[in-house]
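Worksheet: the structure to be examined is printed underneath.
Numbering (the working numbering), first residue to last: 56 to 304.
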């Protein structure tokens, strides 16, 4: 495979576990357990009520991300105005659910917004990317989400110069699993589907989109999202280095 299409969140960058760790820490600070689950539940429910939810769903912007996105991209001013009342309500209802101090909702919302800005890579990522570069592979990043947050993650993790092409769904107006996003990457490199592989952790977005575009798919199991039998990957791995076998393909 000469063209490697890579997902960002929970493929290269630790996302789920960082949100979990920050929320669990905030819960301990106010003497409650279960804050991660409660915040996730309330955020999902309230996010679905937002007038722009269909757009967010299409580009793959999640409810948890809405709790810490800056929405500084031009054109997202309405989201920036909506965000803080949403965040405060999420934390207030979550604290009520777990028996915590609901009057501290704004404080915890602000703390999560600040403390969530961590961008650790999975341990094998530097070695994996270096192996691909040494073998002359072309690297493209296909990531769902709002532009300012995804770019912040990318540069915060030290990957700002790692890819020849970066496609952010909120910038191009197409999100995974739309096969057109994958075809954009193919066209940019003059590659056919048989020359490319998509590596990601989300069966419904990464694997499904790759299959729709006729591209091989590698599913990365990070332990919090089960495979989906409707979208069978060509290869399932727990460590990105296991996917390097496809360099011979």
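Idealized CB from N, CA, C, for every residue including glycine.
Owing to the predicted nature of the structure, the values given are computational and were not obtained by experimental measurement.
Cβ neighbours of residue i in the same chain (closer than 8 angstroms, five flanking residues each side left out)
{"i": "residue 135", "result": "125, 126 and 127"}
{"i": "residue 218", "result": "61, 194, 195 and 196"}
{"i": "residue 183", "result": "295, 296, 298 and 299"}
{"i": "residue 292", "result": "273, 274, 275, 276 and 298"}
{"i": "residue 133", "result": "107"}
{"i": "residue 120", "result": "200, 201 and 204"}
Range covered by the alpha helix (DSSP H) that runs through residue i
{"i": "residue 137", "result": "132-152"}
{"i": "residue 291", "result": "That residue, residue 291, is in no alpha helix (DSSP H); its beta strand (DSSP E) goes 290-292."}
{"i": "residue 262", "result": "Neither: residue 262 is in no alpha helix (DSSP H) and is coded neither H nor E."}
{"i": "residue 235", "result": "234-244"}
Paired residues, beta bridge with residue i - DSSP
{"i": "residue 251", "result": "58"}
{"i": "residue 221", "result": "196"}
{"i": "residue 64", "result": "68"}
Range of the contiguous beta strand (DSSP E) that encloses residue i
{"i": "residue 271", "result": "271-275"}
{"i": "residue 77", "result": "Not the beta strand (DSSP E): residue 77 falls in the alpha helix (DSSP H), residues 71-84."}
{"i": "residue 227", "result": "Unbroken run through residue 227 is the alpha helix (DSSP H), 224-227; no beta strand (DSSP E)."}
Cβ shell of residue i (< 6 angstroms), same chain only, five flanking positions each side left out
{"i": "residue 171", "result": "77 and 123"}
{"i": "residue 92", "result": "none"}
{"i": "residue 255", "result": "62, 66 and 261"}
{"i": "residue 100", "result": "none"}
{"i": "residue 215", "result": "209"}
{"i": "residue 221", "result": "196"}
{"i": "residue 224", "result": "114, 115, 199 and 230"}
Same chain, Cβ closer than 7 angstroms to residue i, five either side skipped, listed in chain order
{"i": "residue 94", "result": "78, 145, 146 and 149"}
{"i": "residue 208", "result": "63, 68 and 174"}
{"i": "residue 263", "result": "232 and 286"}
{"i": "residue 113", "result": "230"}
{"i": "residue 268", "result": "234, 237, 238 and 248"}
{"i": "residue 288", "result": "262, 272, 273 and 274"}
{"i": "residue 117", "result": "none"}
{"i": "residue 161", "result": "143"}
{"i": "residue 226", "result": "202"}
Interface flag, residue i vs chain B, CB-CB below 7 angstroms
{"i": "residue 77", "result": "Protein chain content of the structure displayed is limited to a single chain, and chain B is not contained in it."}
Rounded Cβ spacing between residue i and residue j (contact assumed at less than 8 angstroms)
{"i": "residue 81", "j": "residue 166", "result": "6 angstroms"}
{"i": "residue 58", "j": "residue 244", "result": "5 angstroms"}
{"i": "residue 73", "j": "residue 159", "result": "About 22 angstroms separates the two Cβ atoms, so there is no contact after all."}
{"i": "residue 190", "j": "residue 301", "result": "With 8 angstroms as the limit, residue 190 and residue 301 do not qualify as a contact, their Cβ atoms being about 11 angstroms apart."}
Taking only runs that begin and end inside the region 171-215, name each unbroken alpha helix (DSSP H) of 4 or more residues, in chain order.
-> List check, alpha helix (DSSP H) in window: 180-189 and 202-211.
Runs of alpha helix (DSSP H) wholly within the region 95-121 (minimum 4 residues, chain order) | If one requires a minimum length of 4 residues, the alpha helix (DSSP H) runs lying completely within the region 95-121 are 108-114 and 118-121, in chain order.
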